[in-house]
Amino acid sequence: MVSVFTCGPSVYQRAHIGNFRTFLIEDILLRYLEFLGYRVIRGMNFTDIEDKAINEAEKRNLSLKTITENNIRKFIHEMKMLRMKKPEFLPRASENIDMAINIIEILLRKGIAYKYKNNIYFDALKFKGFGKLYGLDLSKWPEEKKRFHKDTYPGIQWNLGDFILWHGCKENDKYCWNSPFGPGRPAWNVQDPSMVLKHFSETLSIYCGGIDNLYRHHDYSLAIIESVKPYPMARYWLHCQHLYIDGKKMSKSRGNILYIDDLRKKGYSLKEIRCFLICGHYREILNYSETNLKNISLQLKALRKTVFKIDNIAKRFSNDRISGANKYKKNLINIFKRNMDNDLHVKEAFNEIADFVSRINTDKLKPENAYKIIQSLKKIDKVLMVIF
Numbered sequence: 013m014v015s016v017f018t019c020g021p022s023v024y025q026r027a028h029i030g031n032f033r034t035f036l037i038e039d040i041l042l043r044y045l046e047f048l049g050y051r052v053i054r055g056m057n058f059t060d061i062e063d064k065a066i067n068e069a070e071k072r073n074l075s076l077k078t079i080t081e082n083n084i085r086k087f088i089h090e091m092k093m094l095r096m097k098k099p100e101f102l103p104r105a106s107e108n109i110d111m112a113i114n115i116i117e118i119l120l121r122k123g124i125a126y127k128y129k130n131n132i133y134f135d136a137l138k139f140k141g142f143g144k145l146y147g148l149d150l151s152k153w154p155e156e157k158k159r160f161h162k163d164t165y166p167g168i169q170w171n172l173g174d175f176i177l178w179h180g181c182k183e184n185d186k187y188c189w190n191s192p193f194g195p196g197r198p199a200w201n202v203q204d205p206s207m208v209l210k211h212f213s214e215t216l217s218i219y220c221g222g223i224d225n226l227y228r229h230h231d232y233s234l235a236i237i238e239s240v241k242p243y244p245m246a247r248y249w250l251h252c253q254h255l256y257i258d259g260k261k262m263s264k265s266r267g268n269i270l271y272i273d274d275l276r277k278k279g280y281s282l283k284e285i286r287c288f289l290i291c292g293h294y295r296e297i298l299n300y301s302e303t304n305l306k307n308i309s310l311q312l313k314a315l316r317k318t319v320f321k322i323d324n325i326a327k328r329f330s331n332d333r334i335s336g337a338n339k340y341k342k343n344l345i346n347i348f349k350r351n352m353d354n355d356l357h358v359k360e361a362f363n364e365i366a367d368f369v370s371r372i373n374t375d376k377l378k379p380e381n382a383y384k385i386i387q388s389l390k391k392i393d394k395v396l397m398v399i400f
């Protein structure tokens, strides 16, 4: 069994196509593992009580739950629209406060966490190998103790200091929970570990997230979990690069975002949107432009048009007369596996498959061969989910 945990969306606002790029790459990974015969169990969290969500609720004069639940509903709906597999676990941070408190209690007992002005902080240098996931240079650590009290900070630089685990309740705070160390709420960096430990009792096979999480957040999560448990947090880590638009990262804070609806209004189908977002190597920045999206759209349309012709020929074949594998079936599966086994090169796999199909002479294609081609493409499309 392969266990996977995904750093899910911060639901203070609706997810945009840049967010979905990461989640779709993870969807491809899970589907390909199943293609290879593995059983996959996955969790994806919703961050629904962090600073940004609380600020958004106050700005709009709405309850935190109203804001976050509305965005969660939209996210799940758009997951289905984009043909993404629904994770087995979809925990909310707000539903795992007790586990977060339990983790902080353990860290306090071990002397790895400490209280300062009603907040609880993780003493980073008490964890041997802090920053090992990123490869942090600890020689630059300041001699004077520094503490970082916010859930998130802009940019991709490191905060060289102790990070917050618990926001002590302040006057007029609306969102506080009781704990043995005083009222407050769990900070973002302890929320994910609480949900991981709630649903998975051993080392995760794969931990996924956006590239932003490689700076600070995932090393924080790793330090927390490996401080309270006697095993590594995850065997493998996958970080997906950003979606760019006009030379800049697409992000809520920049306001340069596009939603699924925006692309549909431009005339693109959900399959075309999915195809565009998965057709770029996850380690590389994907650039959004009208030209790039249109090119993928035309390529997919051409592929599906030819596949439709082949499928009509295949329908003239009775599968009770089918013989062994042929060159079409073998070549298509080999093309797909060769590229996917090479660090999930989805774009290369799609390009080669589209090229292979385009060179099939449908006028001379036998129904038996057409049938085998369609069966192979259907198997491949259980991963890609863009052809049929």
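The sequence shown begins at 13 in this note's numbering and counts up one residue at a time. C-beta: ideal position from N, C-alpha, C; glycine also.
Query, Result
"Inter-stretch contact (C-beta, 8 Å, three-pair minimum) for the stretch 100 to 119 and the stretch 143 to 153", "no"
"Other residues of its chain near residue 223: CB distance less than 7 Å, five sequence neighbours each side excluded", "251, 252, 253 and 254"
"C-alpha distance - residue 49 paired with residue 65, whole-angstrom precision", "39 Å"
"Neighbourhood of residue 387 by C-beta distance below 8 Å, restricted to the same chain and skipping five residues each side", "341"
"With 16 other Cβ atoms within 10 Å as the buried cut-off, status of residue 13", "exposed"
"Span of the alpha helix (DSSP H), counted from its first residue to its last, around residue 379", "379 to 396"
"Cα-Cα separation between residue 320 and residue 280, rounded to whole angstroms", "19 Å"
"Straight-line Cα distance separating residue 52 from residue 275", "31 Å"
"Three or more C-beta pairs below 8 Å linking the stretch 357 to 372 and the stretch 61 to 77", "no"
"Beta-carbon contacts of residue 361 that lie in its chain and below 7 Å, excluding the five residues immediately before and after", "347, 348, 351 and 352"
"Cβ neighbour criterion (16 or more within 10 Å) applied to residue 259", "exposed"
"7 Å CB neighbourhood of residue 296 in its chain, flanking five on each side removed", "253"
"DSSP three-state assignment for residue 153, whether helix, strand or coil", "coil"
"Three-pair Cβ contact test at 8 Å for the stretch 22 to 37 versus the stretch 85 to 101", "yes"
"Neighbourhood of residue 311 by C-beta, 7 Å cutoff - its chain only, sequence neighbours within 5 removed", "366"
"Three-state class that DSSP yields for residue 190 in the structure shown", "coil"
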